[in-house]
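What follows is a set of notes on a single structure, which appears directly below.
Residue numbers (our numbering), protein chains in the order written: chain A, 34 to 272; chain B, 7 to 395.
Structure (structure tokens):
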């Protein structure tokens, strides 16, 4: 798609806001100016960017993850913390887990040929990518931040010192993806019981309900009771 | 030295001795579990509070009793099937949950709902807000010990739920929003009935104002309690009425409208400078009134035309990423949708309002008295389904 291309590289080339049909050209221009300032401030740590519909994506090295937050809050005034999470870009080895006949029979060996890993806007190099969003309520601007994590060492600096609201979000990302956050005051389970093993939102974690009972399960084929006296019982019989 | 003087002196000495004894008695810390089942928690949330006497030293919310894993489940469902799940996130204003997800999918597909669908969407969106906050207005009084208003709330919420049911077929889980429009058009006579319901809701707001807002006990229990400064609130991700009660003039409906038609009508964003429990109650009360005005104006101007845009029968969403947020009853709700061009989303990150709103509680509850825990939690107003997802 067009929204995946054109502005996906953060090289020295100047950005030309694409998509003539985008809702806010002014917002895109403003995001472009912010991108230029981000280049000056972060230097080589900024490895990818993307602008679409007035929203700016910034992708940084994982070591600079906390620096990005500090820069966004202190220099650019993004005081509102929206969310923090992660994306596992590996294609699911279980297929779509949707149609029992194709994907999910017991005798079929599990991994079919895996489609190549593709990463989304502003690019990506590794399987796990951090994802966060901050905003500035006074001007309505927002930035979506991303950072690739090395697959053998899932770890990034914590945002809690900058945005205290990141505390619970990082606990969730730790629990669901197994990502460590250096400097977090206490990484422990937030939703799941303490003895839970595994990281459910990773793509290689099976959705057990679909393993146990293939989708769509037993289709109810029982016929509707026939109405022998024409209309149904009393009410609502009028046309 | 007269007798009275000696008496006075001995009295002072006794007082001093008592004070010394009081200093020497160490008050031991105590851990109090509030919940998981408590009427103030709208579901099952446990607060582990470490107390020193009557004061909270540290409070730690424990959640996950209702975690359903919607982000994982959404990955194995087609786009139209996902709305069935996300209906259940904030179950008091379910239609509003569907809207940002559908808008995100529409943005990726570059589809726009026809004007009529956008207007009806906005009306139903505001009706869910009224149905949701009505209950809060009654419930907030329960937190300070007044039982009656909540029955008024249940009584009058019914009028709104009836309208939602008449239009969508579902009282709590409409599942009515579709990519490219809505499932159905409005039934005949719905507009007039909704106008009647709005009148009843306005009367209910007046009633609550008389019964609760001016009440001396209510004011004593909520004024100056649980004060959130605007900067702290924003850094914790507080949204909705919670942050507007701290004086932050920010409403997604007005500031970054997307797919809904709030910019077509005349309305006002209410804020309050105090940031305490009372301010949060007051802002929500005004917002409910404002929502009835929005609905009234929208009912006047529903454009004619189709209810669905041209959308393929089997919906495949082109590859891309989109984040769309709307101003839901509980605060800002957003969906970060990653698509790879399949029938199902590759990843859905649900940014729910209550999760961030409640994340401030360890900071906010430090140092408050035990009875105030309840009013503060009540005034933050969260739905457990919206925390646990």
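C-beta: ideal position from N, C-alpha, C; glycine also.
Would you say residue i lies against chain B (beta-carbon separation less than 9 Å)?
i, result
"residue 197(A)", "yes"
"residue 214(A)", "no"
"residue 228(A)", "no"
"residue 190(A)", "no"
"residue 88(A)", "yes"
"residue 217(A)", "no"
"residue 173(A)", "yes"
"residue 231(A)", "no"
"residue 125(A)", "yes"
"residue 166(A)", "yes"
"residue 177(A)", "yes"
"residue 240(A)", "yes"
"residue 182(A)", "no"
Can residue i be considered in contact with the ligand NAP, in the sense that its beta carbon sits closer than 8 Å to one or more heavy atoms?
i, result
"residue 205(A)", "Looking at this structure, you won't find the ligand NAP or any other ligand, since it has none at all."
By Cβ distance below 7 Å, which residues in the same chain neighbour residue i in space, the five residues on each side in sequence not counted?
i, result
"residue 382(B)", "231, 232, 283, 370, 371 and 374"
"residue 178(B)", "97 and 100"
"residue 133(B)", "166, 169, 170 and 301"
"residue 279(B)", "253"
"residue 303(B)", "271 and 272"
"residue 136(B)", "166, 207, 294, 297 and 298"
"residue 142(B)", "290 and 387"
Assign residue i to buried or exposed, taking buried as 16 or more other Cβ atoms, counted over all protein chains shown, within 10 Å of its Cβ.
i, result
"residue 37(B)", "exposed"
"residue 121(A)", "buried"
"residue 131(B)", "buried"
"residue 157(B)", "exposed"
"residue 309(B)", "exposed"
"residue 122(B)", "buried"
"residue 363(B)", "buried"
"residue 161(B)", "exposed"
"residue 162(A)", "buried"
"residue 231(A)", "exposed"
"residue 56(A)", "Model confidence at residue 56(A) stands at a pLDDT of 49, short of 50, so the residue's coordinates are unreliable; what they give is reported in the following sentence. Counting Cβ neighbours within 10 Å, residue 56(A) comes out exposed, since fewer than 16 surround it."
"residue 222(B)", "exposed"
"residue 216(B)", "exposed"
"residue 102(B)", "buried"
"residue 347(B)", "exposed"
"residue 390(B)", "buried"
Residue i CB to nearest chain A CB: under 9 Å?
i, result
"residue 261(B)", "yes"
"residue 242(B)", "yes"
"residue 342(B)", "yes"
"residue 78(B)", "yes"
"residue 316(B)", "no"
"residue 322(B)", "no"
"residue 327(B)", "yes"
"residue 127(B)", "no"
"residue 268(B)", "no"
"residue 238(B)", "yes"
Give me the residue from the options with the minimum Cα distance to residue i.
i, options, result
"residue 159(B)", "169(B), 170(B) and 147(B)", "147(B)"
"residue 316(B)", "156(B), 186(B), 40(B) and 102(B)", "186(B)"
"residue 227(A)", "237(A), 77(A), 217(A) and 204(A)", "204(A)"
"residue 118(B)", "266(B), 277(B) and 272(B)", "266(B)"
"residue 125(B)", "155(B), 305(B), 286(B) and 213(B)", "305(B)"
"residue 332(B)", "359(B), 344(B) and 324(B)", "359(B)"
"residue 86(A)", "113(B), 66(B) and 83(B)", "113(B)"
Starting from residue i, follow the alpha helix (DSSP H) in both directions and report where the run begins and ends.
i, result
"residue 397(B)", "Chain B is shown from 7 up to 395; residue 397(B) falls before or after that span and cannot be answered."
"residue 105(A)", "Residue 105(A) -> no alpha helix (DSSP H), and no H or E assigned at all."
"residue 355(B)", "Looking at the DSSP string, residue 355(B) is not in any alpha helix (DSSP H); the run it does join, the beta strand (DSSP E), is 353-357."
"residue 206(B)", "196-214"
"residue 219(A)", "Element bounds for residue 219(A): n/a, residue is neither H nor E."
"residue 368(B)", "367-370"
"residue 268(B)", "It is not in any alpha helix (DSSP H) - residue 268(B) carries neither H nor E in the DSSP assignment."
Would you give the residue range spanned by the beta strand (DSSP E) that residue i belongs to?
i, result
"residue 345(B)", "337-345"
"residue 70(B)", "Looking at the DSSP string, residue 70(B) is not in any beta strand (DSSP E), and its letter there is neither H nor E."
"residue 39(B)", "35-40"
"residue 52(B)", "52-58"
"residue 90(A)", "88-93"
"residue 179(A)", "174-182"
"residue 85(A)", "79-85"
Could you name the residues of chain C that residue i contacts, counting a contact when the two beta carbons are closer than 9 Å?
i, result
"residue 362(B)", "As a matter of chain content, chain C is missing from the structure shown, whose protein chains are A and B."
Near residue i, what residues of its chain come up, given a Cβ to Cβ distance below 8 Å and the 5 sequence neighbours on each side ignored?
i, result
"residue 120(B)", "187, 311, 312, 313, 314 and 315"
"residue 213(A)", "187, 188, 189, 207 and 220"
"residue 216(A)", "99, 190, 191, 193 and 194"
Leaving out five residues on either side along the sequence, give the residues of the same chain with a beta carbon under 6 Å from the beta carbon of residue i.
i, result
"residue 198(A)", "114"
"residue 42(B)", "50, 52 and 71"
"residue 110(A)", "169"
"residue 327(B)", "344"
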